[in-house]
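First residue of the sequence shown? That's 293 in the working numbering, and the numbers climb one at a time after it.
Shown next, in structure tokens, is the structure this report addresses.
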Amino acid sequence: MRIAVTATSTDPDSLMDERFGRAPWLLIYDSETDEWTAMDNQANRDAAHGAGISSAQAVARSGAKVLLTGNCGPKALDALTRAGVRVVEGQEGTARSAVQGFLSS
293 MRIAVTATST DPDSLMDERF GRAPWLLIYD SETDEWTAMD NQANRDAAHG
343 AGISSAQAVA RSGAKVLLTG NCGPKALDAL TRAGVRVVEG QEGTARSAVQ
393 GFLSS
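In structure tokens, the structure reads:
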């Protein structure tokens, strides 16, 4: 399973970003291969509007089935839900600890 996490840098041990659409990085963890991939979200971060929906499209294209984040706006949440991505809000700590916590729950 692929899990997307909002992050402040490309390192899985970096802190999560509490914002979804304007997070600088989206990290994708693949539980089958135990590999992390970093997706640069700078273009969406700097967008005047529509950052959440554009980020949601990027997550859906990545094949992620789950998004771990601090907060997700209503339009992005709707786009993710329609794409079949489960959104888990209220997450904090590092990207790695959020994934570990999700997988062990």
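Note that beta-carbon positions come from the ideal geometry of N, C-alpha and C, so glycine has one too.
Nearest-angstrom Cα distance between Met308 and Val358? 15 angstroms
Beta bridge counterpart(s) of Glu327 as assigned by DSSP: Within the DSSP secondary-structure output, Glu327 pairs in a beta bridge with Asp322.
If distances are taken between C-alpha atoms only, which option among Asp326, Asp322, Gln334, Glu324 comes closest to Arg314? Comparing Cα positions, the closest option is Gln334.
Apart from the five residues on each side of it in sequence, which residues of its chain come closer than 6 angstroms, Cβ to Cβ, to Ala296? Cβ neighbours of Ala296 beyond the five flanking positions: Leu318, Ile320, Val351, Ala356, Leu359.
Beta-carbon separation of Thr298 and Gly362 under 8 angstroms? yes
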